[in-house]
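Below is one structure, written out as structure tokens, with a few remarks after it.
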DNA sequence: TTGAAAGCGCTAACAG
DNA sequence: CTGTTAGCGCTTTCAA
């Protein structure tokens, strides 16, 4: 007995004997509408399983109700979106955004031209953007940030940067990690990571700062990809080349650390007996690792919360400053 | 010298001395437009960094250019979107969809009313939906699938279901896992998982089938949450209650398996010496675990590829059948 | 090959 | 409190 599917507020308006405007108001819960009329309209909508098109609303209101979450993979193309760090952060972001009524539009970008970000912005589907990691695209981010407010970036902070970043103090984290290894007797330490991205490079600087004026300690910068499919080879090659293994490894991520532990094991080197390893991030994988993995914890949940909070303020037109959270050394070795 | 920002195709049309229609055609790459005019318009667009609003186009064309990826968390509310299984699958989906020019709109849903899915569909932001896991919402999925074509579901297949599912053969996977434990001498085996969701319940059935007619083997169904924050307690409680520990554990997911291994270790039980553990999924965390974790591998990348492929065909109006991939037993124990 | 005009489905002045 | 009207920015007949 239903008179054709109700597709628009006009259909519903006709059914209810009111104008489309009234239906619009009733369904939006505006209080200026007669409560009985409103109630009747809503009941009708419910019965007919009608919900107004978000798209049309968005076009009209110029609000999108969606946030773009973008992962630029410029420095390390092999790295996959399913990388545990990304996914942990994105998971928290999804939770935060959902709670606040925003959709999360996810994009992975391999920046080949430097208009990747303006393309996304101009596509006009999101009210704002969260960029996950600066990769090697700091220039692009700064350029855009100069006249585009609603954007925040997870990553490292460097003096003079224009874009709003939120992250932990990577320099301090690097120093903590290095200090940890030194305190436990390591003297020949390899840093495993890709310093083309800002965060790893800050971690390495922190590590260097920790051995300042200590000529008895050797720190080797060992370029290593982030993706486990290739980092294993990087690490194996390195170990082969130097012959005598290091007695300490500072990995720029937990994933690299775990890969390193496997490579070491395959060569009959024990952890932490022969080589001590420390990771970075304190992901779930690090918490469950055996042998236990010491690491520098980044509070990713807190980071996600800050990212969303700052972004919403920016969408509202406010300026917000960069946020630098404290990393925390997590010691898990038993020896 | 730029005359105000170009925001619409009308602005650009004025600049180019043509009509908006022509600009629209030129930018869409239609061949019916004079190639010189077209070239000129595109150059102008490039110069002014103009890109037409995807939103407006979508409203007009009734295509959305976006796929909704929805994770319903009905059976286990504690479970977080950052769960490694979800995130691995979503990562692959993002890659597949990005490659094909679709945005991925991510939603996590706690189904409290049973209109969660129709709300999402009616919100009208996506051309189709990928549901990640049936949770305990198979009824809702079947009801929707009855008259909504562009939807595919990652999960288990049960006879008579209406919705299109793609997943591995969970029954077989369960049998393989169980057989593995039996072959290695386990006689008192605990199944750890939440059988309110279809996949775990199929795995348990498979496990039961493996011990059919073997009265010397005991299989305990031990309800366990998926989220590591709570599964640890579940497992500890179980161990305390039965007193004498099982000699085998079949965990419904790798994450549960790893948690179980930790709980066992904390009680001084060795793996696989005292208790043999097998997981499910073969996530990255399982591959790096020490002691090594045997598991039943689901080929998640292949699953993602099937999901997207089938969905696109459904969007084009085709029917597609459910897909059941083969699981694979991965044996990692050394003893 | 191009332009005029009519919407896609909704919201927000502005009047009443 | 409610209706009328005019768009949001684009695409697509239809006619020229």
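Residue numbers (UniProt numbering), protein chains in the order written: chain A, 1 to 335; chain B, 1 to 335.
Using N, Cα and C, we set each Cβ at its ideal position, and we do this for glycine too.
Model, not experiment: these values are computed from the prediction.
Per DSSP, cross-strand counterpart(s) of residue i
i: residue 154 (chain A); result: A:132 and A:166
i: residue 220 (chain B); result: B:190
i: residue 68 (chain B); result: B:105 and B:129
i: residue 248 (chain A); result: A:189 and A:276
i: residue 329 (chain A); result: A:296
i: residue 323 (chain B); result: B:166
i: residue 281 (chain A); result: A:297
Whole-Å CB distance - residue i paired with residue j, under 8 Å assumed
i: residue 154 (chain B); j: residue 132 (chain B); result: 5 Å
i: residue 174 (chain A); j: residue 156 (chain A); result: In fact, because the Cβ distance is near 11 Å, the residues do not count as touching under 8 Å.
i: residue 250 (chain A); j: residue 302 (chain A); result: That belief does not hold up - the Cβ atoms of residue 250 (chain A) and residue 302 (chain A) are roughly 24 Å apart, past 8 Å.
i: residue 108 (chain A); j: residue 88 (chain B); result: With a Cβ gap of about 14 Å, residue 108 (chain A) and residue 88 (chain B) do not count as contacting.
i: residue 190 (chain B); j: residue 238 (chain B); result: 7 Å
i: residue 28 (chain B); j: residue 38 (chain B); result: No, residue 28 (chain B) and residue 38 (chain B) are not in contact; Cβ-Cβ is about 10 Å, not under 8 Å.
i: residue 136 (chain B); j: residue 324 (chain B); result: Contact doesn't hold; Cβ gap of about 21 Å is too wide.
i: residue 341 (chain B); j: residue 152 (chain B); result: The question about residue 341 (chain B) has no answer here: the residues shown for chain B are numbered 1 through 335.
Residue environment, residue i, which counts as buried when at least 16 other CB atoms sit within 10 Å
i: residue 2 (chain A); result: In this prediction, residue 2 (chain A) scores a pLDDT of 48, lower than 50, which makes its location untrustworthy; no coordinate-derived value is stated.
i: residue 321 (chain B); result: exposed
i: residue 19 (chain A); result: exposed
i: residue 58 (chain A); result: buried
i: residue 242 (chain B); result: exposed
i: residue 319 (chain A); result: exposed
i: residue 229 (chain B); result: exposed
i: residue 128 (chain A); result: buried
i: residue 162 (chain B); result: exposed
i: residue 240 (chain B); result: exposed
i: residue 203 (chain B); result: buried
i: residue 244 (chain A); result: exposed
i: residue 317 (chain B); result: exposed
i: residue 194 (chain B); result: buried
i: residue 64 (chain A); result: buried
i: residue 199 (chain B); result: buried
i: residue 68 (chain A); result: buried
i: residue 147 (chain A); result: exposed
i: residue 61 (chain A); result: exposed
i: residue 100 (chain B); result: exposed
Between the CA atoms of residue j and residue i - distance to the nearest angstrom
i: residue 51 (chain A); j: residue 158 (chain A); result: 47 Å
i: residue 10 (chain A); j: residue 142 (chain B); result: 30 Å
i: residue 76 (chain A); j: residue 34 (chain A); result: 59 Å
i: residue 274 (chain B); j: residue 236 (chain B); result: 16 Å
i: residue 21 (chain B); j: residue 171 (chain A); result: 54 Å
i: residue 333 (chain B); j: residue 224 (chain B); result: 24 Å
i: residue 328 (chain A); j: residue 296 (chain A); result: 5 Å
i: residue 212 (chain A); j: residue 164 (chain A); result: 30 Å
i: residue 338 (chain B); j: residue 304 (chain B); result: Examination of residue 338 (chain B) is not possible in this model, given that chain B is present from 1 through 335 alone.
i: residue 279 (chain A); j: residue 56 (chain B); result: 47 Å
i: residue 306 (chain B); j: residue 95 (chain B); result: 13 Å
i: residue 30 (chain A); j: residue 6 (chain A); result: 22 Å
i: residue 261 (chain B); j: residue 255 (chain A); result: 20 Å
i: residue 179 (chain B); j: residue 248 (chain B); result: 11 Å
i: residue 44 (chain A); j: residue 17 (chain A); result: 11 Å
i: residue 208 (chain A); j: residue 219 (chain A); result: 7 Å
i: residue 288 (chain B); j: residue 188 (chain B); result: 27 Å
i: residue 113 (chain B); j: residue 257 (chain A); result: 44 Å
i: residue 24 (chain B); j: residue 111 (chain A); result: 27 Å
i: residue 308 (chain B); j: residue 14 (chain A); result: 39 Å
i: residue 270 (chain A); j: residue 181 (chain A); result: 16 Å
i: residue 122 (chain A); j: residue 214 (chain A); result: 52 Å
i: residue 70 (chain A); j: residue 310 (chain A); result: 16 Å
i: residue 312 (chain A); j: residue 32 (chain A); result: 28 Å
i: residue 66 (chain B); j: residue 277 (chain B); result: 41 Å
Pick from the options that is closest to residue i, judged by C-alpha positions
i: residue 233 (chain A); options: A:192, A:211 and A:254; result: A:192
i: residue 119 (chain A); options: B:250, B:46 and B:248; result: B:46
i: residue 253 (chain B); options: B:269, B:163 and B:197; result: B:197
i: residue 124 (chain A); options: A:41, A:150, A:283 and A:230; result: A:150
i: residue 74 (chain B); options: B:101, B:117 and B:221; result: B:117
i: residue 12 (chain B); options: B:32, B:36, B:28 and B:42; result: B:42
i: residue 290 (chain A); options: A:265, A:311 and A:298; result: A:265
i: residue 226 (chain B); options: B:62, B:210 and B:80; result: B:80
i: residue 284 (chain A); options: B:63, B:259, B:137 and B:324; result: B:259
i: residue 330 (chain A); options: A:210, A:68 and A:292; result: A:292
i: residue 54 (chain A); options: A:267, A:130, A:126 and A:206; result: A:126
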